[in-house]
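Asks: Mind having a look at this structure? Questions to follow.
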Amino acid sequence: MKRKLEKSIFIMMIFLVLIVSIGAISAADNDSGNETLTVDEIAIDDNLKESPTDSLSEVENKTFTDLNNDITDKTEVDLESDYVYSDGDSAYSNGITIDRELTINGNGKTTLNPNGNLLFNVGTNGKLTLNDLTIVNSYTKPDAMIKNSGTLILNNVTFTAERYILSSAASNSKFITIQNDGEMTVKNSIFIGC
């Protein structure tokens, strides 16, 4: 009887060690630095607390044509104004083309696109880095804010979008924030309503 009790205790101890070992292995830091971000890993907040236009400053806004002119032939740009897509910006309905290396420091500024057109179209030879920028899209069609075929780096960028609704049956459709066919790195960025 004593032998049977010792054997039972021994087997229970083995199971206990096994369970603790599995827990320790599961809790181990597995940060290799080469993680791939998928749509399932993005936190989504559908509860917008203010209207997208409320966040724009009282300073006179510039257009997307102005934005294109401000970044042309530069490798780094510090934004000093908010930019709003206007009727005169139809030349940029397919996005401002980026086919070179460019860093845009948003300095907390906002771009507002009420028509749902592309903001940036990064070509295969393009490398676009966006820092500290808010991109707002009040759209009427399910297109992306950014199309990336090259390299896209997002640091402290906030994307805000409203829902795209085809019909009452599609009321839960989400907006495509970034169409990525290239390389993309996202750090400390927020996606609201996307």
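For what it's worth, the working numbering labels the leading residue of the sequence shown as 836, then goes sequentially. Ideal Cβ placement from N, Cα and C applies to all residues, glycine included.
(1) Note down, in chain order, each residue of its chain lying with its Cβ closer than 6 Å to the Cβ of Asp922, except the 5 sequence neighbours on either side.
(2) Report the three-state DSSP secondary structure of Gly941 (helix, strand or coil).
(3) Give the C-beta separation of Gly931 and Asn966 to the nearest angstrom, bearing in mind that I take them to be a contact with Cβ-Cβ under 8 Å.
(4) May I ask you to list the residues that DSSP assigns as paired with Lys837?
(5) Between which two residues does the beta strand (DSSP E) harbouring Asn966 extend?
(6) Roughly how many angstroms lie between the CA atoms of Arg838 and Val852, to the nearest whole one?
(7) Would you decide whether Asn972 is buried or exposed? Buried here means 16 or more other CB atoms lie within 10 Å of its CB.
(8) Whose CA, out of Thr993, Asn1015, Ile1013, lies closest to the CA of Asn1023?
(9) Going by DSSP, what residue range makes up the alpha helix (DSSP H) through Asp905?
(10) If you draw a straight line from the alpha carbon of Val1021 to that of Ile854, how long is it in whole angstroms?
(11) Check the DSSP bridge columns for Asp913 and list the partner residues they point to.
(12) From which residue to which residue does the beta strand (DSSP E) around Glu1018 run?
Replies: If we stick to the structure as given:
(1) Cβ neighbours of Asp922 beyond the five flanking positions: none.
(2) Here Gly941 sits in coil by DSSP.
(3) Sequence check: residue 931 is Ile here, not Gly. Not a contact, Cβ separation roughly 17 Å.
(4) According to the DSSP secondary-structure assignment, Lys837 is paired through a beta bridge with no residue.
(5) Taken as a continuous stretch (DSSP letters only), the beta strand (DSSP E) holding Asn966 covers 962 to 972.
(6) For the pair Arg838 and Val852, the Cα-to-Cα distance works out to about 21 Å.
(7) Buried, because 16 or more other Cβ atoms sit within 10 Å of the Cβ of Asn972.
(8) Among Thr993, Asn1015, Ile1013, the Cα nearest to that of Asn1023 is on Thr993.
(9) Looking at the DSSP string, the run of the alpha helix (DSSP H) that includes Asp905 is 899 to 906.
(10) Those two C-alpha atoms are separated by around 36 Å.
(11) Among the bridge pairs identified by DSSP, Asp913 is matched with Asn940.
(12) Boundaries of the beta strand (DSSP E) harbouring Glu1018: 1018 to 1022, taken from the DSSP string.
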